[in-house]
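>
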């Protein structure tokens, strides 16, 4: 929502309704006399009144923080619930969508004065603005300029519809243009979310809401069940008429009987007033006519289609919504066949007329039927796209269950389409879906209890034996091995004895469990049996610490007493000290001198076992559930119900850091130098950098509250949750499956069968990995200088290397499985065998590519040349010169003969035939072209994608086999942008509408080619991503970065380890 700022106050409508919201005039109360200049309404100060209407007033104000001019709308009346909910709805709707052509809403609030409350909403102020039609008239804009303005408004509504939001009151006064010429769509007051119940849906069915002159027929008829995005398309069509044909005599809603006359009048007006052709006039009128059809099914199905039609019109292309008339068809045929047409007209004019008529009617009927089917499929496809985008958004917010629900809904939508899924829609088996699902569980292994939630866990630091206790009295002993949890033994205590604390000796021989009945059970883990019960506490036992000797342990609980017990003789018990309130968390310092206790009153107490001295750490505002010492004993971490983890400096007993959570924190553990892990009630495991005092990572996996947390000797994490599982986090600080090298990774490439992954580094080494297990097979130094690119042969077990030494070297990968006595022991192991070296470039070779059959090899270099090599020749057959350095090239995926595309320093994409002759050249990038990838789906809107240093990915449509170039402005299909700066690498996915890019900021960005906004951005690399590659069947996604890591994104750590163990077995 924004307002028009003009001289003085004018009476303008603030919503599309009757401006009373159902209130009688006598019930409305004005707040105007209370809002003078300088009045502080809470967060902003009134400057002046801008507008007033029957429903309320709009004021210019100065917001306090941040300091800026804003517009504030007040509703008449004393804050009735309907008005309040209406403002909240409008703010909520606009908060869902961010678009440069939709005015922002900042906040809503209440101003209290004289015992009355006045609802207000604070919004963006568009200075010096006026309505869209008024702006066009003032500036005397041409038709093309008016269409560009209309495109901005349509783009805004397309973004709103993508979020499921419809406006329902599109008119000139709700589409503003500021003094800077930027279009702003305002007033979503009666808008709604298609999938949710809104304020307006609470009024009686059949109520008419909106401005009568701009209502769609279904709105005027009160047919709520028919109101959807197509109602906005009707409104935008009426706005087009007013904008494009201001003097055509049209006002208000169009009667059905005048449609044909009106279209004719508009065509004549357009041809007479604007310098456009008659055909262009008809095309534009046809777009408007289809927008304003009486029946919603006859209109465009989505606002995106309207935007595409206007874009075609602006680009001089024919629109799709206008079929040529029979007369036009016949005339064109006559012009092409003058002699034949005269002869046929003389001999068989009657027959031809009849046949043409029948054929035409059959054609239009088929088109109409197909359009109806296509519209329905398009709507379902749009919904599937929206659900997928929402699922990725939910994953970014760590809502794993919501992701599952959204994907299930999407699967239902795609199932309803059967085999008619639009090509632009991402399939359920897509690489994007697999990648999304892999990010829902960062743990390396889990074990699920058949009972209730797991409330306490403990791990032996030396043996890897783990203990987990459940709410139902179940105690399980596990072995933590190679990232897996293996169950060893299971015990069960009497019903109602809920374990709250657990500990285990360093040797793993003795385990203890504290229960809510005050008993402490001791277990011999090797014998698998209980060895004793300690009785003494008068309430639940919440804290247990096993002393290093393994012969004694300390306990604490609700009774506040700190007791020391002997494992062998339970009668040997002593009360070390007592606190005035319950003890929840308990820990012992590494030197064994200090005991830390987290208390019910929010304090942390340090008690010296030798001297009895007690220290107090204050800061928490509620119960402290967990405490833990750092390995060096210099810091103590505490977790509290006040939603914080605090780290204390034990040298001066001060708070070193405080980490805030959205919910209470149940446990905390140090896991490595300067690292803390916290378990919270929102199912998430969080990692923190103590020295940097910042959040590092949030881990998904659990589906219930995480009650307890333990760290292993090698800093793995072991957690117990309310979802009945315990989970092991093998590499919590970086759980993404990866291969690590000792140098910066410049390039990664998968073999033709997808089994082997090759990585080239700046140190000149090549590493070969097993793609399934991430096992290093071999590493060899193939150059003294950096390797710029590696490409596997499409059919053979060999690859080529683009080197900084100006050569292209070819290597065969020998598996080394021969058992022949004539083979040397070295060659029985996997290794690389040098085949040949191709020389010719004068400087570094940046890129190489094989043709589809492998018969040709192309190389691109810093010397500005591309060289075509034949597989049976050792010298360059063809040299293609460029005006600058050539950074990338790629052969088309078609069968031979193929086409070769190159990306140059001058920002130009060039395409050559198999003889090296240039076919086409495309300009658009504002910097060097860094990467290219051909479309691996046939019969679609674009042919090749390019990525550049300007941070964009551009799609291009090449001409047909004739090789005739088209103007580049007509062949650029789409432009995609990323927030990660320069784009260094690019890949497409076979048979999927997906683009994948690696950026300078270290992100791997995923797009659906139907939308320019990224579908997802994956963060893991700490430095630029120089290479991305996709498996031959779209079944793998890898990236290589300057941080020395090669990461796999389409599989979780748990799945990777399961696959490795299966292969090992």
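In the numbering used here, the protein residues as written are 23 to 1087. Glycine residues also receive a C-beta, built at the ideal position from the N, C-alpha and C atoms. It should be emphasised that the depicted structure is a prediction, and the values quoted were computed from it without experimental measurement.
1. Helix, strand or coil: how does DSSP classify residue 68 here?
2. From which residue to which residue does the alpha helix (DSSP H) around residue 335 run?
3. Candidates 664, 790 and 810: which alpha carbon is nearest residue 855's?
4. Might you give, ordered along the chain, the residues of its own chain that have their beta carbon closer than 6 Å to the beta carbon of residue 252, omitting 5 neighbours on each side?
5. Can you tell me which residues form a DSSP beta bridge with residue 3?
6. Sorted by chain position, which residues of the same chain lie with C-beta nearer than 7 Å to residue 793's C-beta, five sequence neighbours on each side aside?
7. Taking all protein chains shown into account, decide if residue 1072 is buried (16 or more other Cβ within 10 angstroms of its Cβ) or exposed.
8. Please classify residue 857 as buried or exposed, where buried requires at least 16 neighbouring CB atoms within 10 angstroms.
9. Classify residue 521 as helix, strand or coil using the three-state DSSP reduction.
10. Determine which residues share a DSSP beta bridge with residue 206 and list them.
11. Does the contact criterion of 3 or more C-beta pairs under 8 Å hold for the region 744-752 versus the region 497-507?
12. Taking the beta strand (DSSP E) that residue 729 falls in, what are its first and last residues?
13. Roughly how many angstroms lie between the CA atoms of residue 48 and residue 298, to the nearest whole one?
14. With a cut-off of 8 Å on the beta carbons, I'd call residue 427 and residue 723 a contact; round off their distance for me.
15. Quick one: is residue 707 buried, meaning 16 or more other Cβ sit within 10 Å of its Cβ, or exposed?
16. How far does the beta strand (DSSP E) with residue 574 in it extend, from its first residue to its last?
17. Could you tell me the distance, in whole angstroms, from the CA atom of residue 9 to the CA atom of residue 1027?
18. Start and end of the alpha helix (DSSP H) containing residue 307?
19. Buried or exposed for residue 991, please, with buried defined as at least 16 other CB atoms from any protein chain shown within 10 angstroms of its CB.
20. Evaluate residue 1074 with the Cβ neighbour count: other Cβ atoms within 10 Å of its Cβ, from every protein chain shown; 16 or more gives buried, anything less gives exposed.
21. What does a CB cutoff of less than 8 Å around residue 1013 pick up in its chain, not counting 5 residues either side in sequence?
22. Quick check on the DSSP output: the alpha helix (DSSP H) that includes residue 262 runs from which residue to which?
23. To the nearest whole angstrom, what separates the beta carbons of residue 701 and residue 741, a pair I think is in contact under 8 Å?
24. Does the beta-carbon of residue 238 have 16 or more other beta-carbons within 10 angstroms, so that it is buried, or is it exposed?
25. Keeping to the same chain, check which residues put their C-beta closer than 7 Å to that of residue 744; ignore five residues upstream and five downstream.
26. Can you give the Cα-Cα distance for residue 180 and residue 329, rounded to whole angstroms?
27. For residue 448 versus residue 1030, is the C-beta spacing smaller than 9 Å?
28. Going by alpha carbons, who is nearest to residue 559 out of 309, 188, 394 and 576?
29. Please classify residue 932 as buried or exposed, where buried requires at least 16 other C-beta atoms within 10 Å of its C-beta.
30. What separation, rounded to the nearest whole angstrom, lies between the Cα atoms of residue 339 and residue 192?
31. Using three-state DSSP, classify residue 157 as helix, strand or coil.
32. From this set, 956, 939, 927 and 936, which residue's C-alpha is nearest residue 945's C-alpha?
33. In this structure, does DSSP put residue 341 in helix, strand or coil?
34. Along the alpha helix (DSSP H) that carries residue 424, what are the first and last residues, could you check?
35. Measure the alpha-carbon distance for residue 470 versus residue 495 and round it to whole angstroms.
36. Secondary structure at residue 592, three-state DSSP: helix, strand or coil?
If we stick to the structure as given:
1. Of the three classes helix, strand and coil, the one that applies to residue 68 here is strand, per DSSP.
2. Start and end: 325-336.
3. Ranked by Cα distance from residue 855, the options 664, 790 and 810 are led by 790.
4. Answer for residue 252: 318 and 321, listed in chain order.
5. Any question about residue 3 goes unanswered here, given that the chain covers just 23 to 1087.
6. Around residue 793: 772, 776, 777, 778, 779 and 1058.
7. It is buried - the Cβ of residue 1072 has at least 16 other Cβ atoms within 10 Å.
8. Residue 857 is exposed by the Cβ-count criterion.
9. In the structure shown, residue 521 sits in a strand (DSSP, three-state: E or B).
10. Bridge partners of residue 206 according to DSSP: 198.
11. A contact exists between the region 744-752 and the region 497-507.
12. Residue range 728-733 is occupied by the beta strand (DSSP E) that includes residue 729.
13. A caution first: residue 48 carries a pLDDT of 37, below 50, which makes its placement in the model too unreliable to give a value.
14. Rounded, the Cβ-Cβ distance is 17 Å, inconsistent with contact.
15. Residue 707 should be labelled buried.
16. Going by DSSP, residue 574 is part of the beta strand (DSSP E) stretching over 574-579.
17. Residue 9 falls outside the range modelled here, since the chain spans only 23 to 1087, and no answer is possible.
18. Taken as a continuous stretch (DSSP letters only), the alpha helix (DSSP H) holding residue 307 covers 300-313.
19. At residue 991 the pLDDT is 44, less than 50, meaning the model places this residue with poor confidence and gives no usable figure here.
20. Burial call: buried.
21. The answer, listed in chain order, is 958, 959 and 1056.
22. Boundaries of the alpha helix (DSSP H) around residue 262: 251-266.
23. 6 Å between Cβ atoms; contact.
24. Buried, because 16 or more other Cβ atoms sit within 10 Å of the Cβ of residue 238.
25. Cβ neighbours of residue 744 beyond the five flanking positions: 475, 726, 727 and 729.
26. Going from the Cα of residue 180 to the Cα of residue 329 covers about 8 Å.
27. Yes; because the gap between Cβ atoms is below 9 Å, this pair is in contact.
28. When the alpha-carbon of residue 559 is set against those of 309, 188, 394 and 576, the nearest one is in 576.
29. Under this definition residue 932 is a buried residue.
30. Distance between the alpha carbons of residue 339 and residue 192: 27 Å.
31. Note: residue 157 maps to helix in three-state DSSP.
32. Closest option to residue 945, Cα to Cα, is 927.
33. Residue state, collapsed to three classes: coil.
34. Unbroken alpha helix (DSSP H) run through residue 424: 422-439.
35. Rounded to whole angstroms, residue 470 to residue 495 spans 15 Å at the Cα level.
36. The answer is coil: DSSP assigns residue 592 none of H, G, I, E or B.
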